[in-house]
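Presented below is the structure to which this report refers.
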Amino acid sequence: MMKVNASLLLLPLISAPLFALDYDQSVEISSALQLSDYPSVTEDGSTVISGRTEWQGSLEGFWNLYLYSSENTQLNARYGLSLQGETRRDFVGDDEASTADYRAFDLDALLLGSESDRTRLYQQLDQLSVTWYSNAGDYTLGRQPISFGLAKFYSPVDIIYPFDLYATDTDYRPGVDALRGTWQLGALTEFDAGWVFGSDSVLFSRFKASVNSIDAEAIVLAINGENLNFSLGTQTAIDEIGLWQETALLLDEDHHYLRTTLGADYTVLSDLYLVAEVHYNGAGARSGYDTNSAGNSFYQLGAISTLGKWYASVQGSYPVNILTSVSSGISVNLNDGSALANLALSVNATDAMNVDLSAVLPLDDEHSYDSEFGLYPAYLLAEVSWVF
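Numbering (the working numbering), first residue to last: 4 to 391.
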């Protein structure tokens, strides 16, 4: 992968005559502290990994810039620095499950320290793209966030850096290098297609339409020209109950898998919002998760994050007042009985500052490789964020 010096890359933006352009900018700053309790994982009666308790802290800042050089041209840039520290650093390596790389170039991420140090400073060029709006469609070239799917928790078509059930920030999506076009074919009909490029690549197309109060989208994805994903998603409502389904057929050189999700949401007593989903993962296993995922190309690309066959999730959120909300829920692997329970509190302390507290507790008596959520740590996370 080609590495680019940050100062050289941002020089055109800094030296450009900003006074002659319309632009907006914002700064996001966040500070977080996470306490994690890892279980002792056993296999065949012998201890494989000893349990431990750790803390991790971070201080992050992102600068967002939006330049409007004309009525139909926009440039987006997002650059950040992250200071991270933890109690110990016993290993060197990539913490991400995915081995896919959807960036054609990138900065040297580590600015100060080494991967074995307990305190490190990172940089991140998260977005750098140009969008052209025209009567012949909208086109975006460069680093941008891309996601697919209708499902809330288990999307079988969200294959580019998908969220797992452990994610705390589902609003943030890492940018990937891509060319994307979107065409409005009618008031309720849209088609978009594009190419995500890097060491790995994704060709995609999506057709969206609405007929008789049913929204539908058909998506075709090809990873590296070898892993294919064909999906059809629909959503509608019956009275006040929202309903959706998402079904995908996954194909590689030697296998085919079916993944599908059924979901519903409903607001009780005008305030309590409930969401439930059931998911079937044909690529998963009933046991021996590590062996199954190691031999599956979709897992190796990070296109699938769930390891088992059947799942169910129920989540609820409630606004305590205009500034405070609470949410809680549980996600269950229906094959091995392990589960993740979660609880979160969010407070808008000021117009610019938000305080979030969240906790995740794995529920399982058997911490082994045959128990998916039994491998997860319990954690408590506190975060304060500002936007200027």
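The C-beta atom is built at its ideal place from N, Cα and C for all residues, glycine as well.
*Is N227 helix, strand or coil when you go by DSSP?*
Reduced to three states, the DSSP call for N227 is coil.
_Please classify W247 as buried or exposed, where buried requires at least 16 other C-beta atoms within 10 Å of its C-beta._
Under this definition W247 is a buried residue.
*Comparing alpha-carbon positions, which option in I307, L24, A103, P380 lies nearest L78?*
For L78, the closest alpha carbon among the candidates I307, L24, A103, P380 is that of L24.
*Roughly how many whole angstroms lie between the Cα atoms of D97 and A315?*
At D97 the pLDDT is 41, less than 50, meaning the model places this residue with poor confidence and gives no usable figure here.
*Just grab the DSSP bridge partners of G88 for me.*
Its beta-bridge partners are G60, T122.
_Buried or exposed by the 16-neighbour rule on C-beta atoms within 10 Å, applied to I325_ = Counting Cβ neighbours within 10 Å, I325 comes out exposed, since fewer than 16 surround it.
*What number of angstroms, rounded off, separates the C-alpha of I1 from the C-alpha of I149?*
Nothing can be reported for residue 1, as the shown portion of the chain is limited to 4 through 391.
*asked:* Which residue marks the beginning of the alpha helix (DSSP H) containing F301, and which one marks its end?
replied: It spans 300-303 - the alpha helix (DSSP H) in which F301 sits, taken as one unbroken run.
*For V271, count neighbouring Cβ atoms within 10 angstroms of its own Cβ and tell me buried if that reaches 16, exposed if not.*
Under this definition V271 is an exposed residue.
*Are at least three pairs of beta-carbons, each pair with one atom in the region 346-363 and one in the region 301-313, less than 8 Å apart?*
No: fewer than three Cβ pairs fall under 8 Å.
*Where S374 and F200 are concerned, what is the direct C-alpha to C-alpha distance, given to the nearest angstrom?*
C-alpha separation (whole angstroms): 36 Å.
*What is the DSSP secondary structure of T294, reduced to helix, strand or coil?*
Residue state, collapsed to three classes: helix.
*Selection from R55, W313, Y382 that minimises the alpha carbon distance to S43*: Ranking R55, W313, Y382 by Cα distance to S43 puts R55 first.
*What runs of the beta strand (DSSP E), each 3 residues or longer, lie entirely inside the region 168-222?*
List check, beta strand (DSSP E) in window: 179-189, 192-199, 205-214.
*Helix, strand or coil: which one does DSSP assign to L253?*
Strand.
*Between S300, L253, V278, which lies nearest to G285 when the distance is taken from Cα to Cα?*
Checked all of S300, L253, V278; the closest Cα to G285 is L253.
*asked:* Do I244 and Y276 count as a contact pair if the criterion is CB distance below 9 Å?
replied: No, they are not a contact pair.
*Hey, quick one: how far does the beta strand (DSSP E) through V335 stretch, first residue to last?*
327-336 is the extent of the beta strand (DSSP E) around V335.
_Could you check whether G197 and F207 sit closer than 9 Å to each other, using their CB atoms as the reference points?_
Contact flag set, yes.
*asked:* Can you tell me whether I217 is buried or exposed? The criterion is at least 16 other CB atoms within 10 Å of its CB, across all chains shown.
replied: Label assigned to I217: exposed.
*Give me the Cα-Cα distance between S341 and G236, rounded to the nearest whole angstrom.*
A straight-line Cα-Cα distance of about 28 Å links S341 and G236.
*Three or more C-beta pairs closer than 8 Å, one from the region 120-132 and one from the region 67-86: is that the case here?*
Segments in contact, yes.
*Below 8 Å on the Cβ atoms is my guess for V160 versus I222; work out the distance and round it to an integer in Å.*
With a contact defined as Cβ atoms closer than 8 Å, V160 and I222 qualify at about 5 Å.
_Outcome for G377 when other beta-carbon atoms lying within 10 angstroms are tallied against a minimum of 16_ = By the 10 Å Cβ count, G377 comes out buried.
*Using only alpha-carbon positions, find the residue among D255, L182, A267 that is nearest to H282.*
Nearest option by C-alpha distance: A267.
*Check whether the Cβ atoms of S300 and E369 sit closer than 9 Å, and answer yes or no.*
Contact flag unset, no.
*Straight-line gap, G1 to P322 (C-alpha atoms, nearest Å)*: Nothing can be reported for residue 1: it is not among the residues displayed for the chain, which extend from 4 to 391.
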